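Letter 20 of the sequence shown, counting from 1, is numbered 20 in UniProt numbering, and no numbers are missing. Shown next, in structure tokens, is the structure this report addresses.
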Amino acid sequence: MTMNTDNYDALKKIIKIYLPEDVSVDDITPNSHLINELNINSANLVDVVLDVEDHFDITIEDDEIEKMDTVASALEIISQKVAK
1 MTMNTDNYDA
11 LKKIIKIYLP
21 EDVSVDDITP
31 NSHLINELNI
41 NSANLVDVVL
51 DVEDHFDITI
61 EDDEIEKMDT
71 VASALEIISQ
81 KVAK
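Written as structure tokens, this is what we have:
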């Protein structure tokens with residue numbers, strides 16, 4: 001998958017807001033698991049999704065949220081939505 005760096009940078013900025021104090025923005029990689037590695041709790045994950053929807057002007061369905069477990073999978077969903 002070719003990564004859109006603009007989307008990646010935008011997603012990192014969104015995720016950064018919700019990182020706990022013990023996780024640095026430098027820890028965010030395409031392979032980072034949002035919950036297991038970046039320690040984003042489920043409530044904040046909902047906020048991440050809402051911010052992503054606002055930023056990219058897209059709608060993410062519930063079944064797609066379940067697939068957004070890593071930064072790369074989130075980017076994949078964003079790319080599919082933005083392309084439509």
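Just so you know, even glycine gets a beta-carbon here, dropped at the ideal spot from N, CA and C. Keep in mind that this is a model prediction, so the values were computed, not measured.
Query                                                                                    : Result
Cβ-based burial, residue 50 [other Cβ within 10 Å; buried from 16]                       : exposed
Burial state of residue 71, where buried means 16 or more other Cβ atoms lie within 10 Å : buried
Under the three-state DSSP convention, the category residue 70 falls into                : strand
Residues sharing a beta bridge with residue 33, DSSP                                     : 70
Cα-Cα separation, residue 144 to residue 62                                              : Given that the chain is displayed from residue 1 to residue 84, the structure contains no residue 144 and the question cannot be resolved.
Backbone secondary structure at residue 58 - three-state DSSP                            : coil
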